[in-house]
Amino acid sequence: MKKTILQYQKAFNSVVDRIKIDESVLSVMVFGSMVTGDLWEESDIDLFVIVKENFEKIRDIHTEEKDVPVHIKLMGKEKFIQIYSDNLKGGYIHRIFSSSRLVFSKDMDITVRFDGGRFFPDIDRERWGMFFLGKLLKDMGVCKKYLWSNGIYTSYTTAIRCIEKYSRLFVNSSGYMISKDVLAMAMNLNEDFKQCVDKLFFEKTNLAETIQETMTFLEESINSSIKSNCNLLLNYMREQDKFLSAEEIMAEDLFVDFDIDMEELLNKLWERDIIKKESRDFKIEKDKTLFKQNVYFV
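The sequence shown: position 90 = 90 (the UniProt record's numbering), numbered continuously.
This is the structure:
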(Lines of atoms letter the chains of each structure in order from A and count residues from 1; the text may use other names and numbers.)
(Lines give C-alpha, C1' and ligand atoms only; values in the text may rest on other atoms or scores of the structure.)
Protein backbone atom coordinates (compact mmCIF):
# COMPACT_ATOMS: atom_id res chain seq x y z
CA MET A 1 0.00 0.00 0.00
CA LYS A 2 3.01 2.37 0.46
CA LYS A 3 3.51 2.60 -3.29
CA THR A 4 -0.20 3.23 -3.81
CA ILE A 5 -0.24 6.03 -1.23
CA LEU A 6 2.78 7.60 -2.94
CA GLN A 7 1.02 7.39 -6.30
CA TYR A 8 -2.04 9.12 -4.85
CA GLN A 9 0.10 11.85 -3.28
CA LYS A 10 1.96 12.49 -6.54
CA ALA A 11 -1.29 12.61 -8.48
CA PHE A 12 -2.84 14.95 -5.92
CA ASN A 13 0.15 17.32 -5.98
CA SER A 14 0.20 17.26 -9.78
CA VAL A 15 -3.44 18.23 -10.25
CA VAL A 16 -3.33 20.89 -7.50
CA ASP A 17 -0.12 22.46 -8.83
CA ARG A 18 -1.61 22.66 -12.32
CA ILE A 19 -4.93 24.25 -11.40
CA LYS A 20 -3.47 26.55 -8.74
CA ILE A 21 -1.77 28.72 -11.38
CA ASP A 22 -5.00 29.01 -13.40
CA GLU A 23 -6.42 32.51 -12.82
CA SER A 24 -10.01 31.25 -13.16
CA VAL A 25 -9.61 28.94 -10.14
CA LEU A 26 -10.33 30.62 -6.80
CA SER A 27 -10.12 27.75 -4.32
CA VAL A 28 -9.64 24.01 -3.96
CA MET A 29 -10.75 21.73 -1.13
CA VAL A 30 -10.08 18.03 -0.76
CA PHE A 31 -12.47 15.56 0.87
CA GLY A 32 -13.04 11.82 1.11
CA SER A 33 -10.30 9.22 1.43
CA MET A 34 -7.45 11.69 0.94
CA VAL A 35 -8.55 13.33 4.20
CA THR A 36 -9.70 10.31 6.20
CA GLY A 37 -6.73 8.17 5.13
CA ASP A 38 -8.77 5.08 4.23
CA LEU A 39 -7.34 4.82 0.72
CA TRP A 40 -7.60 1.61 -1.24
CA GLU A 41 -6.81 0.63 -4.82
CA GLU A 42 -10.15 1.90 -6.22
CA SER A 43 -10.29 5.19 -4.28
CA ASP A 44 -10.76 8.50 -6.09
CA ILE A 45 -9.10 11.79 -5.29
CA ASP A 46 -12.13 13.96 -4.40
CA LEU A 47 -11.87 17.72 -4.88
CA PHE A 48 -14.09 20.78 -4.66
CA VAL A 49 -12.88 23.29 -7.24
CA ILE A 50 -14.38 26.79 -7.07
CA VAL A 51 -13.98 29.04 -10.11
CA LYS A 52 -14.86 32.61 -11.11
CA GLU A 53 -17.34 31.52 -13.77
CA ASN A 54 -20.91 31.25 -12.55
CA PHE A 55 -22.40 27.76 -13.02
CA GLU A 56 -26.07 27.27 -12.13
CA LYS A 57 -25.36 23.88 -10.57
CA ILE A 58 -22.47 21.80 -9.29
CA ARG A 59 -20.76 19.96 -12.14
CA ASP A 60 -19.31 16.50 -11.55
CA ILE A 61 -16.11 16.03 -13.55
CA HIS A 62 -14.34 12.65 -13.68
CA THR A 63 -10.78 12.50 -14.94
CA GLU A 64 -7.43 10.80 -14.30
CA GLU A 65 -4.10 12.16 -13.12
CA LYS A 66 -1.04 9.91 -13.39
CA ASP A 67 -3.38 6.88 -13.74
CA VAL A 68 -5.24 7.79 -10.54
CA PRO A 69 -9.00 8.52 -10.81
CA VAL A 70 -9.99 12.06 -9.82
CA HIS A 71 -13.53 13.25 -9.05
CA ILE A 72 -14.02 17.02 -9.15
CA LYS A 73 -17.10 18.86 -7.91
CA LEU A 74 -16.82 22.08 -9.91
CA MET A 75 -18.81 25.17 -8.96
CA GLY A 76 -18.76 28.93 -9.30
CA LYS A 77 -18.19 31.28 -6.39
CA GLU A 78 -21.84 32.37 -6.34
CA LYS A 79 -22.99 28.76 -6.14
CA PHE A 80 -20.57 28.08 -3.28
CA ILE A 81 -21.91 31.09 -1.34
CA GLN A 82 -25.49 30.03 -2.07
CA ILE A 83 -24.80 26.54 -0.70
CA TYR A 84 -23.41 27.98 2.52
CA SER A 85 -26.41 30.30 2.84
CA ASP A 86 -29.16 27.81 1.98
CA ASN A 87 -27.93 24.33 2.86
CA LEU A 88 -29.06 22.92 6.21
CA LYS A 89 -26.28 22.68 8.76
CA GLY A 90 -25.59 18.99 9.16
CA GLY A 91 -27.07 18.18 5.75
CA TYR A 92 -25.24 16.22 3.07
CA ILE A 93 -23.30 19.09 1.49
CA HIS A 94 -22.53 20.65 4.87
CA ARG A 95 -21.14 17.33 6.15
CA ILE A 96 -18.86 17.04 3.11
CA PHE A 97 -17.56 20.60 3.50
CA SER A 98 -17.11 20.14 7.25
CA SER A 99 -14.97 17.06 6.74
CA SER A 100 -12.95 18.59 3.88
CA ARG A 101 -9.57 20.32 4.03
CA LEU A 102 -8.83 23.66 2.40
CA VAL A 103 -5.92 23.16 0.00
CA PHE A 104 -5.71 26.81 -1.05
CA SER A 105 -7.92 29.86 -1.45
CA LYS A 106 -7.29 33.08 -3.36
CA ASP A 107 -10.60 34.62 -2.29
CA MET A 108 -11.33 35.95 1.22
CA ASP A 109 -15.12 35.46 0.89
CA ILE A 110 -14.58 31.76 0.25
CA THR A 111 -12.03 31.41 3.05
CA VAL A 112 -14.30 33.09 5.62
CA ARG A 113 -17.33 30.99 4.64
CA PHE A 114 -15.32 27.79 4.65
CA ASP A 115 -14.00 28.48 8.15
CA GLY A 116 -17.39 29.58 9.50
CA GLY A 117 -19.41 26.87 7.77
CA ARG A 118 -17.49 24.07 9.43
CA PHE A 119 -19.16 24.79 12.77
CA PHE A 120 -22.31 22.84 13.67
CA PRO A 121 -24.59 24.86 16.02
CA ASP A 122 -26.28 22.95 18.86
CA ILE A 123 -29.75 23.84 17.59
CA ASP A 124 -29.02 22.17 14.25
CA ARG A 125 -27.59 19.13 16.00
CA GLU A 126 -30.78 18.85 18.07
CA ARG A 127 -33.01 19.11 15.02
CA TRP A 128 -31.01 16.48 13.16
CA GLY A 129 -31.22 14.30 16.28
CA MET A 130 -35.01 14.53 16.13
CA PHE A 131 -34.88 13.68 12.43
CA PHE A 132 -32.76 10.57 13.08
CA LEU A 133 -34.91 9.50 16.04
CA GLY A 134 -38.15 9.81 14.07
CA LYS A 135 -36.81 7.70 11.20
CA LEU A 136 -35.50 5.12 13.68
CA LEU A 137 -38.87 4.82 15.45
CA LYS A 138 -40.59 4.42 12.07
CA ASP A 139 -38.28 1.59 10.99
CA MET A 140 -38.54 -0.11 14.38
CA GLY A 141 -42.30 -0.22 13.90
CA VAL A 142 -41.84 -1.89 10.51
CA CYS A 143 -39.35 -4.38 11.96
CA LYS A 144 -41.69 -5.35 14.81
CA LYS A 145 -44.61 -5.74 12.40
CA TYR A 146 -42.78 -8.21 10.16
CA LEU A 147 -41.28 -10.02 13.13
CA TRP A 148 -44.81 -10.50 14.51
CA SER A 149 -46.06 -11.82 11.13
CA ASN A 150 -43.04 -14.13 10.76
CA GLY A 151 -41.59 -12.16 7.85
CA ILE A 152 -38.05 -12.89 8.98
CA TYR A 153 -36.23 -11.68 5.84
CA THR A 154 -37.94 -8.28 5.82
CA SER A 155 -37.65 -8.01 9.60
CA TYR A 156 -33.92 -8.76 9.49
CA THR A 157 -33.12 -6.25 6.73
CA THR A 158 -35.18 -3.63 8.56
CA ALA A 159 -33.32 -4.40 11.81
CA ILE A 160 -30.06 -3.64 10.00
CA ARG A 161 -31.52 -0.32 8.84
CA CYS A 162 -32.49 0.35 12.45
CA ILE A 163 -28.96 -0.09 13.78
CA GLU A 164 -27.64 2.19 11.05
CA LYS A 165 -30.19 4.87 11.98
CA TYR A 166 -29.45 4.39 15.68
CA SER A 167 -25.76 4.90 14.86
CA ARG A 168 -26.58 8.25 13.28
CA LEU A 169 -28.64 9.26 16.30
CA PHE A 170 -25.98 8.17 18.80
CA VAL A 171 -23.02 9.73 16.98
CA ASN A 172 -24.92 12.98 16.43
CA SER A 173 -26.00 13.22 20.08
CA SER A 174 -22.42 12.46 21.16
CA GLY A 175 -21.28 15.64 19.43
CA TYR A 176 -19.66 14.18 16.32
CA MET A 177 -20.33 14.81 12.63
CA ILE A 178 -22.01 11.98 10.69
CA SER A 179 -19.82 10.13 8.16
CA LYS A 180 -20.15 7.10 5.90
CA ASP A 181 -18.45 5.02 8.59
CA VAL A 182 -21.02 6.00 11.21
CA LEU A 183 -21.84 2.42 12.27
CA ALA A 184 -18.22 1.58 13.12
CA MET A 185 -17.89 4.92 14.91
CA ALA A 186 -20.95 4.25 17.06
CA MET A 187 -19.67 0.76 17.90
CA ASN A 188 -16.33 2.23 18.98
CA LEU A 189 -18.13 4.71 21.23
CA ASN A 190 -20.62 2.24 22.73
CA GLU A 191 -19.48 -1.26 23.72
CA ASP A 192 -23.03 -2.45 24.52
CA PHE A 193 -24.16 -1.40 21.05
CA LYS A 194 -21.17 -3.21 19.52
CA GLN A 195 -22.20 -6.44 21.23
CA CYS A 196 -25.76 -5.98 19.98
CA VAL A 197 -24.58 -5.43 16.39
CA ASP A 198 -22.15 -8.35 16.48
CA LYS A 199 -24.92 -10.66 17.64
CA LEU A 200 -27.31 -9.45 14.93
CA PHE A 201 -24.69 -9.96 12.21
CA PHE A 202 -23.14 -13.21 13.37
CA GLU A 203 -25.61 -15.05 15.65
CA LYS A 204 -27.97 -16.98 13.35
CA THR A 205 -29.09 -19.93 15.49
CA ASN A 206 -32.36 -18.20 16.42
CA LEU A 207 -32.69 -15.18 14.18
CA ALA A 208 -36.14 -14.12 15.38
CA GLU A 209 -34.90 -14.04 18.98
CA THR A 210 -31.81 -12.06 17.97
CA ILE A 211 -33.92 -9.50 16.10
CA GLN A 212 -36.19 -9.15 19.13
CA GLU A 213 -33.16 -8.61 21.38
CA THR A 214 -31.94 -5.91 18.98
CA MET A 215 -35.31 -4.15 19.17
CA THR A 216 -35.27 -4.41 22.97
CA PHE A 217 -31.80 -2.85 23.13
CA LEU A 218 -32.83 0.01 20.85
CA GLU A 219 -36.09 0.54 22.75
CA GLU A 220 -34.33 0.75 26.11
CA SER A 221 -31.69 3.09 24.74
CA ILE A 222 -34.30 5.39 23.20
CA ASN A 223 -36.35 5.43 26.40
CA SER A 224 -33.34 6.42 28.48
CA SER A 225 -32.37 9.35 26.26
CA ILE A 226 -35.59 10.57 24.65
CA LYS A 227 -35.96 13.64 26.90
CA SER A 228 -32.50 14.89 26.00
CA ASN A 229 -32.95 14.01 22.32
CA CYS A 230 -36.26 15.93 22.24
CA ASN A 231 -35.24 18.78 24.53
CA LEU A 232 -35.64 21.38 21.78
CA LEU A 233 -39.17 20.16 21.03
CA LEU A 234 -40.18 20.06 24.70
CA ASN A 235 -38.92 23.59 25.33
CA TYR A 236 -40.80 24.83 22.28
CA MET A 237 -44.04 23.19 23.47
CA ARG A 238 -43.65 24.71 26.94
CA GLU A 239 -43.28 28.16 25.41
CA GLN A 240 -46.43 27.66 23.33
CA ASP A 241 -48.37 26.55 26.42
CA LYS A 242 -51.25 24.98 24.48
CA PHE A 243 -52.24 21.72 22.82
CA LEU A 244 -50.51 21.29 19.45
CA SER A 245 -50.75 18.80 16.61
CA ALA A 246 -47.73 17.38 14.78
CA GLU A 247 -48.85 19.33 11.71
CA GLU A 248 -48.87 22.62 13.60
CA ILE A 249 -45.43 22.02 15.10
CA MET A 250 -43.92 21.11 11.73
CA ALA A 251 -45.29 24.33 10.21
CA GLU A 252 -43.12 26.40 12.58
CA ASP A 253 -39.91 27.97 11.23
CA LEU A 254 -37.95 26.06 13.88
CA PHE A 255 -38.78 22.69 12.28
CA VAL A 256 -40.24 23.31 8.82
CA ASP A 257 -36.99 22.64 6.88
CA PHE A 258 -36.41 19.27 8.57
CA ASP A 259 -38.27 16.13 7.47
CA ILE A 260 -39.01 15.03 11.04
CA ASP A 261 -41.55 12.26 11.75
CA MET A 262 -43.09 14.50 14.40
CA GLU A 263 -46.08 12.28 15.23
CA GLU A 264 -43.68 9.41 15.99
CA LEU A 265 -41.76 11.58 18.45
CA LEU A 266 -44.86 13.02 20.10
CA ASN A 267 -46.47 9.61 20.51
CA LYS A 268 -43.27 8.20 22.02
CA LEU A 269 -43.05 11.10 24.47
CA TRP A 270 -46.68 10.46 25.41
CA GLU A 271 -46.00 6.73 25.92
CA ARG A 272 -43.24 7.72 28.34
CA ASP A 273 -45.66 10.03 30.26
CA ILE A 274 -43.53 13.05 29.38
CA ILE A 275 -46.33 14.91 27.59
CA LYS A 276 -50.15 14.76 27.56
CA LYS A 277 -52.27 13.62 24.62
CA GLU A 278 -55.85 14.49 23.72
CA SER A 279 -58.00 14.73 20.60
CA ARG A 280 -59.35 17.88 19.01
CA ASP A 281 -62.10 18.39 16.46
CA PHE A 282 -60.78 18.87 12.95
CA LYS A 283 -63.26 20.83 10.89
CA ILE A 284 -63.37 21.89 7.26
CA GLU A 285 -66.90 23.27 7.42
CA LYS A 286 -68.16 25.21 10.41
CA ASP A 287 -69.88 23.03 13.04
CA LYS A 288 -69.02 19.84 11.13
CA THR A 289 -66.27 17.64 12.61
CA LEU A 290 -64.45 15.60 9.98
CA PHE A 291 -61.81 13.95 12.19
CA LYS A 292 -60.53 13.83 15.75
CA GLN A 293 -56.93 15.03 15.52
CA ASN A 294 -54.20 14.04 17.99
CA VAL A 295 -52.89 17.03 19.95
CA TYR A 296 -50.18 17.19 22.62
CA PHE A 297 -49.26 19.38 25.58
CA VAL A 298 -46.35 19.58 28.00
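Don't be surprised by glycine CBs; every beta carbon is placed ideally from N, CA and C.
Predicted model, so just to flag it, every value in this text is computed and none were measured.
On a CA-only basis, which of the options is nearest residue i? Give me that one, please.
i: GLU126; options: VAL16, MET237, LEU232; result: LEU232
i: LEU204; options: ASP60, SER14, ILE152; result: Looking at the sequence itself, residue 204 is Lys, so the reference to Leu does not match. Comparing Cα positions, the closest option is ILE152.
i: LEU254; options: GLU191, LYS268, ASN235, ASP181; result: ASN235
i: ILE72; options: GLU78, ILE81, ILE45; result: ILE45
i: LYS138; options: ASP281, LYS268, ASP287; result: LYS268
i: LYS144; options: SER98, THR210, VAL197; result: THR210
i: SER279; options: SER225, CYS230, SER245; result: SER245
i: GLY116; options: ASP122, SER98, MET130, LYS277; result: SER98
i: TRP128; options: GLY175, SER14, ASP17, MET34; result: GLY175
i: PHE297; options: PHE282, LEU266, GLU23, LEU183; result: LEU266
i: VAL70; options: GLU53, GLU42, ILE83; result: GLU42
i: ILE226; options: GLU248, ASP181, ASP273, MET215; result: ASP273
i: THR36; options: PHE202, ASP192, ASN190, ASP181; result: ASP181
Quick check on residue i: does DSSP put it in helix, strand or coil?
i: PHE48; result: strand
i: GLY37; result: coil
i: PHE97; result: helix
i: MET1; result: Since pLDDT at MET1 reaches only 49, below the 50 mark, its modelled position is unreliable, and the value read off the structure follows with that caveat. MET1: coil per DSSP, three-state reduction.
i: GLU285; result: strand
i: GLY76; result: strand
i: ALA251; result: coil
i: ASP257; result: coil
i: PHE55; result: coil
i: LYS227; result: helix
i: SER149; result: coil
i: SER24; result: coil
List the residues that DSSP assigns as beta-bridge partners of residue i.
i: LYS276; result: PHE297
i: GLY175; result: The partner list for GLY175 (beta bridge, DSSP) is empty, contrary to what the question assumes.
i: THR63; result: VAL70
i: MET29; result: PHE48, LEU102
i: PHE291; result: PHE282
i: LEU244; result: TYR296
Measure the CB-CB distance between residue i and residue j and report whether it falls below 8 Å.
i: ILE284; j: GLY134; result: no
i: PHE132; j: ASN188; result: no
i: GLU213; j: LYS199; result: yes
i: VAL68; j: TYR8; result: yes
i: LEU218; j: CYS162; result: yes
i: VAL256; j: MET262; result: no
i: ILE160; j: ARG113; result: no
i: residue 337; j: THR4; result: The structure shown has nothing for residue 337, since the chain only spans 1 to 298.
i: ILE58; j: LYS79; result: yes
Problem set entry | the stretch 103 to 116 touching the stretch 26 to 37, judged by at least three CB pairs closer than 8 Å | yes
Exercise. Taking contact to mean at least 3 C-beta pairs separated by less than 8 Å, is the stretch 154 to 172 in contact with the stretch 286 to 293?
Worked result: no
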